[in-house]
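Chemist:
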Amino acid sequence: MIYKIILKTLSDTLIGSGKSSGTIIDSDIVFDSHCLPYIPAKRIKGLFRNAAQDLANFKGFKELTELTRIPDLKFGNIGENDPNPKIIFENLELQDKDNIAIWLNYLTEQFPYLANTLIIKEYFTELRAQTAIDKDTHIAKEHSLRTSRVLKRGFTFEGALILNAPSQEVETYLAAICFYIKRIGTMRNRGFGKVKIDLISLDNNVNLTAKFAESWREKCIKH
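Numbering (this note's numbering), first residue to last: 650 to 872.
1) Is it buried or exposed for Phe-861, if we count other Cβ within 10 angstroms and need 16 for buried?
2) Check whether the stretch 676-685 touches the stretch 769-777, counting contact only when three or more Cβ pairs, one atom from each stretch, lie closer than 8 Å.
3) Taking all protein chains shown into account, decide if Ser-797 is buried (16 or more other Cβ within 10 angstroms of its Cβ) or exposed.
4) So the alpha helix (DSSP H) Asp-721 belongs to, where does it begin and stop?
5) Report the rounded CA-to-CA distance for Tyr-829 versus Tyr-762, giving the unit in angstroms.
6) Strictly by DSSP, which residues pair up with Thr-796?
7) Consult DSSP for Lys-708 and reduce its assignment to one of helix, strand or coil.
8) Figure out for me which residue from Glu-818, Pro-686, Ser-660, Ile-737 has the closest Cα to the Cα of Lys-711.
9) With Gln-744 and Glu-807 assumed to form a contact (beta carbons below 8 Å), what rounded beta-carbon distance in angstroms separates them?
10) Since Val-844 is in the beta strand (DSSP E), which residue starts that stretch and which ends it?
11) Should Ala-814 and Leu-848 be called a contact, given that it needs their Cβ atoms to be closer than 7 Å?
12) So what's Gly-840 in DSSP terms, helix, strand or just coil?
13) Find the nearest neighbour of Ile-651 within the set Phe-738, Phe-841, Lys-845, Pro-686, judged by alpha-carbon distance.
14) Taking the alpha-carbon of Asn-733 as reference, which of Ala-750, Leu-722, Leu-716 has the nearest alpha-carbon?
15) Leu-857 to Phe-760, Cα distance in whole Å?
16) Spatial neighbours of Arg-777 within its chain, please: CB distance less than 6 Å, with the 5 preceding and 5 following residues excluded, ordered by chain position.
17) Considering just the uninterrupted stretch of the beta strand (DSSP E) at Tyr-829, what are its terminal residues?
18) Hey, would you say Thr-662 sits closer than 7 Å to Gly-842, going by beta carbons?
19) With burial defined as no fewer than 16 other Cβ atoms inside 10 Å of the residue's Cβ, what is the status of Leu-656: buried or exposed?
Quick look at the structure:
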């Protein structure tokens, strides 16, 4: 069964792609052939893996979710390739990307001064510089300047999540994970990476995260 993940950036976000760009940008974002940013599937999978580990250690999680057990989805370990995965993540791309790409193709051909690689990237992102301060001298440490490209707030990304063995229990578990994830990327303790994630069932167009959140709040009030 196919579900949709919808992620909205609520603050500037350092995805942490592990890529650099030239000699200026130390940490860059991943772009597609149209220079549109996207969030790689492996980053989303890692987010879900980490959230699942946190929830597994949450003492009251099963009681509040009424799960008899934690579903064994096997999000995998870094570097592993499961030949028969129970869950498959796809890249999260900009909402309405196909229509955006059509217009970008037209603009770059007809009006290159309005839409080129630099202009497109600057619309969705911005550069942030940071440096380390010496605690004794209170001045910047030598060679500590780092420049990162960050996603601006207010953009929505979406992509598919495929379950090979769907069930009500698994849906609840995945909705709980989406509800739990509040930040992604690096420098989360400095205000970056605040997001909202919704899991949508394409079978009946139900927002499973919103449904879980309402149930969770009701149970928390009772407890």
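Every residue gets a Cβ at the ideal spot worked out from N, C-alpha and C, and that includes glycine.
Since the model is a prediction, treat every value here as computed from it, not as a measurement.
Modeler: Let's see:
1) buried
2) yes
3) buried
4) Careful: Asp-721 lies outside any alpha helix (DSSP H) and carries neither H nor E.
5) 43 Å
6) Ala-778
7) coil
8) Glu-818
9) 5 Å
10) 844-850
11) no
12) coil
13) Phe-738
14) Leu-722
15) 43 Å
16) Ser-797, Val-799
17) First-last for Tyr-829: 817-829, but that is the alpha helix (DSSP H), not the beta strand (DSSP E).
18) yes
19) buried
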